[in-house]
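The structure appears below as structure tokens.
Residue numbers (the numbering used here): 699 to 875.
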């Protein structure tokens, strides 16, 4: 009986360690409340109470867990936050953070409920008038530097017309954005 208890304890611990190892290497998040281990099928080469010098025994251990891809949680959080932003706002990816906790776990149905706390920061692109104010009376290089410093601008092209002009006009009505 002592052999069965010892072997069962070892088998359960080893199966959980193996399960955690295989899950962690695949970019999955494992919910601790959603791990179940069981052992059955104990077999021994000797009967209980039989006096022998040595014997062999085996047991089958099974570990089961509910897990999800960490990237899926990140993608969900990003999508959720972007759906809440105004069109002129842009998500700052480095500030996106998701905390979670397991609320309910149903191992039989392979389902769990997570409570999420998503936090993020966003930036608003400057409006047209603000942008014109920023670039008025500046040369091409200064304007390019200003535009590079605005994360919401993916691509910009600066043109002066006629070709001999080297500064943006002071009059905002003469600047096209």
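Beta carbons are placed, not taken as given, at the ideal position from N, Cα and C, and that holds for glycine.
For this session: Count the C-beta pairs between the segment 769-785 and the segment 751-761 that are closer than 8 Å, then say yes if the count reaches three, no if not.
Result: no
Exercise. Which partner residues of residue 727 appear in the DSSP bridge assignment?
Worked result: 766
Problem set entry | Buried versus exposed, by CB contacts within 10 Å (16 or more), residue 744 | exposed
Exercise. Can you list, in chain order, the residues of its chain whose CB lies under 6 Å from that of residue 736, leaving out five sequence neighbours each side?
Worked result: 760
Exercise. Going by C-alpha distance, which of 728, 776, 827 is nearest residue 791?
Worked result: 776
Problem set entry | Best match in 817, 871, 796 for proximity to residue 827 [C-alpha to C-alpha] | For the residues 817, 871, 796, the minimum Cα distance to residue 827 belongs to 871.
For this session: Note the first and the last residue of the continuous beta strand (DSSP E) segment covering residue 833.
Result: It is not in any beta strand (DSSP E) - residue 833 instead sits in the alpha helix (DSSP H) that spans 826-833.
Exercise. Using the rule of at least 16 other Cβ atoms within 10 Å of the residue's Cβ for burial, across every protein chain shown, is residue 829 buried or exposed?
Worked result: buried
For this session: Pick helix, strand or coil for residue 812, following the three-state DSSP scheme.
Result: It is a strand residue.
Exercise. Okay, do the segment 784-799 and the segment 809-817 touch, 3+ Cβ pairs below 8 Å being the bar?
Worked result: Per the Cβ contact rule, the segment 784-799 is in contact with the segment 809-817 (3 or more Cβ pairs under 8 Å).
Exercise. What residues in its chain sit with their C-beta under 6 Å from that of residue 834, if we drop five residues either side in the sequence?
Worked result: 866, 868
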